[in-house]
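Step one of this worksheet: look at the structure below.
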Amino acid sequence: MSTLYVAEAAGALVRRISAAGRVSPLAGAANAPGSADGPVAAARFKSPLGLAGGPAGTVYVAGGRNHTERAIR
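Position 3, counted from 1, in the sequence shown is what my numbering calls 5; the numbers after and before it change by one each time, with no gaps.
Written as structure tokens, this is what we have:
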């Protein structure tokens, strides 16, 4: 596996960790919780808790406090 994805509930975002150890945001905004679909820069989460990988690189995010499920493509 070359990339690890981490749901950061307290920070309201999803981070990507490369094989080289570089950490970068994938979607959401640090400490800006919400509930918004859209491009990764505009997407907002409230306590993302679970992640699952899907076909073609899609990452599914389960939100804890607002009971939502989102797809990051």
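Think of the CB as a built atom: it goes at the ideal place given N, C-alpha and C, for glycine as much as any other residue.
For the beta strand (DSSP E) containing residue i, list its first residue and its last residue.
i	result
P27	25-30
P50	50-55
A11	Segment: none, A11 is in no beta strand (DSSP E) and carries neither H nor E.
Using a Cβ-Cβ cut-off of 8 angstroms (strictly less than) and excluding sequence neighbours within five positions of residue i, which residues of its own chain qualify?
i	result
Y7	V16, R17, R18, I19, L28, L53, G55, V61
V25	R17, R18, I19
E71	Y62, V63, A64, G65
For residue i, collect the residues of the same chain with a Cβ closer than 6 angstroms to its Cβ; drop the 5 residues on either side in sequence, then sort them by chain order.
i	result
G36	R46
R75	T60
Helix, strand or coil: which one does DSSP assign to residue i?
i	result
P41	coil
A58	helix
S20	strand
T70	coil
R75	coil
G65	strand
Which same chain residues, not among the five before or five after residue i, have their C-beta less than 7 angstroms away from its C-beta?
i	result
R67	K48, S49
Would a C-beta distance cut-off of 8 angstroms place residue i and residue j closer than the cut-off?
i	j	result
A9	L51	yes
Check the C-beta distance from residue i over to residue j and give it rounded, since I have them as a contact under 8 angstroms.
i	j	result
A44	A38	6 angstroms
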